[in-house]
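J.: Got a structure here, written out as structure tokens. Questions coming.
Number of protein chains: 2
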Amino acid sequence: MALVNEHFLKLPGNYLFSDIAKKVNTYKVTHPKEKIIRLGIGDVTQPLAPAIIEAMHKAVDEMAVQETFRGYGPEQGYSFLIDTILKNDFASRGISLEPSEIFISDGAKSDTGNIGDILRHDNSVGVTDPVYPVYIDSNVMGARAGNLESGKWSNIVYIPCLAENDFIPELPSRRVDILYLCYPNNPTGTTLTKDELKRWVNYALANDTLILFDAAYEAYIQDPDIPHSIYEIKGAKKVAIEFRSFSKTAGFTGMRCGYTVVPKELNGFTLEGERVQLNKLWNRRQCTKFNGTNYITQRAAEAVYSPEGKEQVKEIINYYMTNARIMKEGLQQCGLKVYGGDNAPYLWIKTPKGLTSWKFFEKMLYEVSIVGTPGVGFGPSGEGYLRLTAFGDRDNTLEAMARLKKWLI
Amino acid sequence: MALVNEHFLKLPGNYLFSDIAKKVNTYKVTHPKEKIIRLGIGDVTQPLAPAIIEAMHKAVDEMAVQETFRGYGPEQGYSFLIDTILKNDFASRGISLEPSEIFISDGAKSDTGNIGDILRHDNSVGVTDPVYPVYIDSNVMGARAGNLESGKWSNIVYIPCLAENDFIPELPSRRVDILYLCYPNNPTGTTLTKDELKRWVNYALANDTLILFDAAYEAYIQDPDIPHSIYEIKGAKKVAIEFRSFSKTAGFTGMRCGYTVVPKELNGFTLEGERVQLNKLWNRRQCTKFNGTNYITQRAAEAVYSPEGKEQVKEIINYYMTNARIMKEGLQQCGLKVYGGDNAPYLWIKTPKGLTSWKFFEKMLYEVSIVGTPGVGFGPSGEGYLRLTAFGDRDNTLEAMARLKKWLI
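Protein sequence lines correspond, in order, to chains A and B.
Using UniProt numbering, read the first sequence as starting at 1 and increasing by one per residue.
Using UniProt numbering, read the second sequence as starting at 1 and increasing by one per residue.
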């Protein structure tokens, strides 16, 4: 009798984004004439940059000719891309990494989800709250979460990030073996300074904690004092795995490409306290359960770093960040408290008049036909907040602000 | 202290294909003038078909324009591809499946590796032997394999496939909860008839065994009596997950696309004996730890089924299968016993004079500069065999046969 992994059965049946989709659909059916503006899901809307398109056409043509055709590539990714990443994302910031410390993948969601494969089921896990649901759900599947009790998993340490603490997480009172940090943060759009991040690296060094650092939104950082990589902090290579993604950096949400950095200095431990290089384990995991990223996509990612690519990608990011500025100013003019949006494509709004996340979501949908994401969907500390994203196109963004002003002022 | 998954540490450090690469490299350095012919690794050599190239250029252009740009796609794959698969791979053989029973992925290696996520760690596992190493290694990582004792994992049931039993696996003496079957078989190149496969489906129905059926090589079947899908057998939807791949079907090894069929009739069980739809669990796994397959690749896969695509892909398969015929005849003329190669791109050679797999591998490398894969690398029952693949180009294949004839006759 094939037995199932029963931890899957603990997961609530409802998904945040499908719940939202259902509610939006109901509204659509009952209000067929209203034009809905979707500022909920964090998906990009601008097309790929011309340099990327050109690189892909070239790679497609290579696949048409025997001499340049590519079959299986390295599970870890092609060195043309790894070398380009090392030079542009790390060496340029004074971070020295080896090619074998970089693993190209089909995206940060896969890697943050699969990283648990190399870790024991009984590690304690900490997350900042609100949080990207994949960190939680993948740990539920991996038997690390315990049971769901009034919105919290019993074995997960939630570290609240609220307006009250300026969204700066406090060091946890209970020791954690594994800690997820995502900065610039999804969903709050807030960031950590170098000093604040240093406090976490030092905590990890002192406690042998493994930090899983998700830097998927680093390209949106505008302020020169905010770290793009955790490895800008001394000692971080001993404690942190970093996840990167081309999804938001270069509009690759439909392309599927990211990479994960596993420094060789970073160890996990056996029960007997022996040190084990996590780099070796992740390499073995990827060689066994992954077969490399699509060649054309890797060429596309390489083009992100070409002089034209950089210029074009920066322009798209500026476009979204201009949306973010327009939104932040607009929302503030409406009298709302808004966080994030300065160094991230997310705006985190305190709901007015103490409304719950879902109540404010529904009012905004029914009164001005704008879709956001209820903050509570990201965890208990998200209650009383709503997330908007700056990935819409300009006209919709402007129209959304006009509707909100008319509604709220 | 972050504890590692200690099962990873049980895996032998050496990988079959890296051992081979090292040996080939040594030979290359010491014999710089010899032209090596590689018939070892199962990678394709022919470029992608024109219809596929055309579809990709079109999809690339769509990504350049806002109106047709695609961001996040469905985790399960686009319906344009799922519907095409249902019509061509299943309805055409009288198999009726629903779109939600198909999950598009980045390849069969990922899916056969990750499927263990939804299953308990204490299921018993059976494999035919010799076997594709991913089935074994992913179960070691998933805590299901026990310990390695003289070449075998203590908790895995090995079902020998040898010349002595015509490579037809016998039903296992010890009950298994999960059974891997790969037909046409990698590495032996042999197949099962409908009656033989039916015996396994009936075994699974009687024992509540879950069959993980890997049909990655079905496109190479020439004989009309050999099943392409396990669902051609009555009752199979209640017991089997089927893995498909475009890698060998259409030369997608560098493209990364496959799909997995999880019928809704198929159940796993809780410890209390309750039935759980595996389809739901796999869907949850994919939605949490995977973010869909590259859009351009899905359009490429769709083109495999267009009238031109079908014709062109068939031509490439014929090319490889002509290689296989040339090889089988040539090897037989050399006095070797050869299996497979009629309905699969693999030839499984009994080593002459009782040589071990590695000894014959080395003799062939050093005496005629041809690289094969030692059978023992695929499991204990592979000892005394060597695998050759028909994926080379024609000239190399012909030259390899000429060298072997000169050497062995």
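For each residue, glycine too, the CB sits at the ideal point set by N, CA and C.
Quick one: grab the DSSP three-state call for asparagine 267(B).
T.: Correct three-state label for asparagine 267(B): strand.
J.: Exposed or buried, which one is phenylalanine 378(B) when buried takes at least 16 other CB atoms within 10 Å?
T.: By the 10 Å Cβ count, phenylalanine 378(B) comes out buried.
J.: DSSP three-state label for glutamate 149(A), please.
T.: Strand at glutamate 149(A).
J.: Report yes if the CB atom of proline 224(A) is closer than 8 Å to the CB atom of isoleucine 233(A), and no otherwise.
T.: For proline 224(A) and isoleucine 233(A), no; Cβs fall outside 8 Å.
J.: Just to confirm, are proline 187(A) and arginine 325(A) a CB contact at a threshold of 8 Å?
T.: Not a contact, by the Cβ cut-off of 8 Å.
J.: When the cut-off is 8 Å and only beta carbons count, does proline 47(B) lie next to chain A?
T.: It does; some Cβ of chain A falls within 8 Å.
J.: For phenylalanine 171(B), which residues from the same chain have a beta carbon less than 6 Å from its beta carbon, with the 5 sequence-adjacent residues on both sides left out?
T.: For the record, residue 171(B) in the displayed sequence is leucine; it is not phenylalanine. These residues qualify, in order along the chain: Tyr203.
J.: Counting C-beta neighbours from all protein chains within 10 Å, is the total for glycine 372(A) 16 or more, i.e. buried, or is it exposed?
T.: Buried: at least 16 other Cβ atoms inside 10 Å.
J.: With 8 Å as the limit, tell me which residues of the region 292-324 of chain A have their beta carbon closer than that to any beta carbon of chain B; keep them in chain order.
T.: Against chain B - using a Cβ distance shorter than 8 Å - the residues of the region 292-324 of chain A are Gly292, Thr293, Asn294, Tyr295, Ile296 and Thr297.
J.: Can you tell me which of Arg284(A), Ile102(A) and Gln222(A) puts its alpha carbon nearest to the alpha carbon of tyrosine 259(A)?
T.: Nearest option by C-alpha distance: Ile102(A).
J.: Name, please, each residue of chain A whose Cβ falls closer than 8 Å to the Cβ of serine 138(B).
T.: Correct list: Thr288 and Lys289.
J.: Roughly how many angstroms lie between the CA atoms of methionine 327(A) and leucine 398(A), to the nearest whole one?
T.: The alpha-carbon atoms of methionine 327(A) and leucine 398(A) are separated by roughly 8 Å.
J.: Does any residue of chain A have a CB that is nearer than 8 Å to the CB of lysine 234(B)?
T.: By this cut-off, lysine 234(B) is not an interface position.
J.: Would you mind telling me which residues of chain B sit closer than 7 Å to arginine 284(A), beta carbon to beta carbon, in chain order?
T.: By Cβ distance, chain B contributes Phe8 and Leu11.
J.: Can you give me, in chain order, the residues of the region 62-80 of chain B that have a beta carbon less than 7 Å from any beta carbon in chain A?
T.: Within the region 62-80 of chain B, the qualifying residues are Met63, Ala64, Val65, Gln66, Phe69, Arg70, Gly71, Tyr72 and Gly73.
J.: My output table needs one value for aspartate 129(A): the three-state DSSP class, helix, strand or coil.
T.: Correct three-state label for aspartate 129(A): strand.
J.: Against chain B, which members of the region 146-180 of chain A pass a CB distance test of less than 7 Å?
T.: Under the 7 Å Cβ criterion, the region 146-180 of chain A contributes Asp177 and Ile178.
J.: Could you have a look at lysine 314(B) and say whether DSSP puts it in helix, strand or coil?
T.: Looking at lysine 314(B) - three-state DSSP - the assignment turns out to be helix.
J.: Expressed to the nearest angstrom, what Euclidean distance is found between the alpha-carbon atoms of valine 24(B) and tyrosine 366(B)?
T.: About 9 Å.
J.: For the region 240-272 of chain A, which residues have a beta carbon sitting closer than 7 Å to at least one beta carbon of chain B?
T.: Answer in chain order: Thr253, Gly254, Met255, Arg256, Gly268, Phe269, Thr270 and Leu271.
J.: Report all residues from its chain with a CB closer than 8 Å to the CB of glycine 392(B); omit the five preceding and five following residues, and keep chain order.
T.: Cβ within range, chain order: Ile37, Arg38, Leu39, Thr45, Asn323 and Ala400.
J.: Please determine, among Thr249(B), Thr351(B), Tyr346(B) and Asn283(B), the residue with the shortest C-alpha to C-alpha distance to residue 411(B).
T.: With chain B covering 1 to 409 only, the question about residue 411(B) has no answer from this structure.
J.: Pull up the CB-CB distance for isoleucine 178(A) and leucine 212(A), whole angstroms please, since I reckon it's below 8 Å.
T.: Right, their Cβ atoms sit about 7 Å apart.
J.: Quick one: any contact between the region 108-123 of chain A and the region 140-156 of chain A, if contact means 3 or more CB pairs under 8 Å?
T.: Judged by Cβ distances under 8 Å, the region 108-123 of chain A makes contact with the region 140-156 of chain A, as three or more pairs qualify.
J.: Please report the straight-line C-alpha distance between alanine 2(B) and leucine 205(A), rounded to a whole angstrom.
T.: Roughly 12 Å separates the two Cα atoms.
J.: Pull up the CB-CB distance for alanine 344(A) and alanine 216(A), whole angstroms please, since I reckon it's below 8 Å.
T.: Actually they do not touch by this definition, with Cβ atoms about 10 Å apart.
J.: Here's the rule: buried if 16 or more other CB atoms are within 10 angstroms of the residue's CB, otherwise exposed. What is asparagine 14(B)?
T.: Label assigned to asparagine 14(B): exposed.
J.: Specify the secondary structure class of glutamine 298(A) as computed by DSSP and reduced to three states.
T.: It is helical.
J.: Since valine 176(B) is in the beta strand (DSSP E), which residue starts that stretch and which ends it?
T.: Taken as a continuous stretch (DSSP letters only), valine 176(B) belongs to no beta strand (DSSP E), as it is neither H nor E.
J.: Quick one: using the 10 Å Cβ neighbour count with 16 as the cut-off for buried, is proline 50(A) buried or exposed?
T.: Burial call: exposed.
J.: Quick test of your reading: serine 357(A) and glycine 375(A), contact by CB under 8 Å. State the CB separation rounded to the nearest angstrom.
T.: That belief holds up - the Cβ atoms of serine 357(A) and glycine 375(A) are roughly 5 Å apart, short of 8 Å.
J.: Does the region 293-311 of chain B come within contact of the region 148-156 of chain A, defined as at least 3 CB pairs closer than 8 Å?
T.: Taking 8 Å as the limit for Cβ pairs, the verdict is that the region 148-156 of chain A does not touch the region 293-311 of chain B.
J.: Name the chain B residues whose beta carbon is nearer than 9 Å to that of asparagine 88(A)?
T.: By Cβ distance, chain B contributes nothing, its closest Cβ being about 22 Å from asparagine 88(A), past 9 Å.
J.: In its own chain, which residues sit with a C-beta less than 6 Å from the C-beta of arginine 403(B), not counting the 5 before and 5 after it?
T.: Excluding positions up to five away in sequence, the list reads Val368.
J.: Just checking: is the beta-carbon of serine 100(B) within a distance shorter than 8 Å of some beta-carbon in chain A?
T.: No, no contact with chain A.
J.: Should valine 60(A) and methionine 56(B) be called a contact, given that it needs their Cβ atoms to be closer than 8 Å?
T.: Yes, they are a contact pair.
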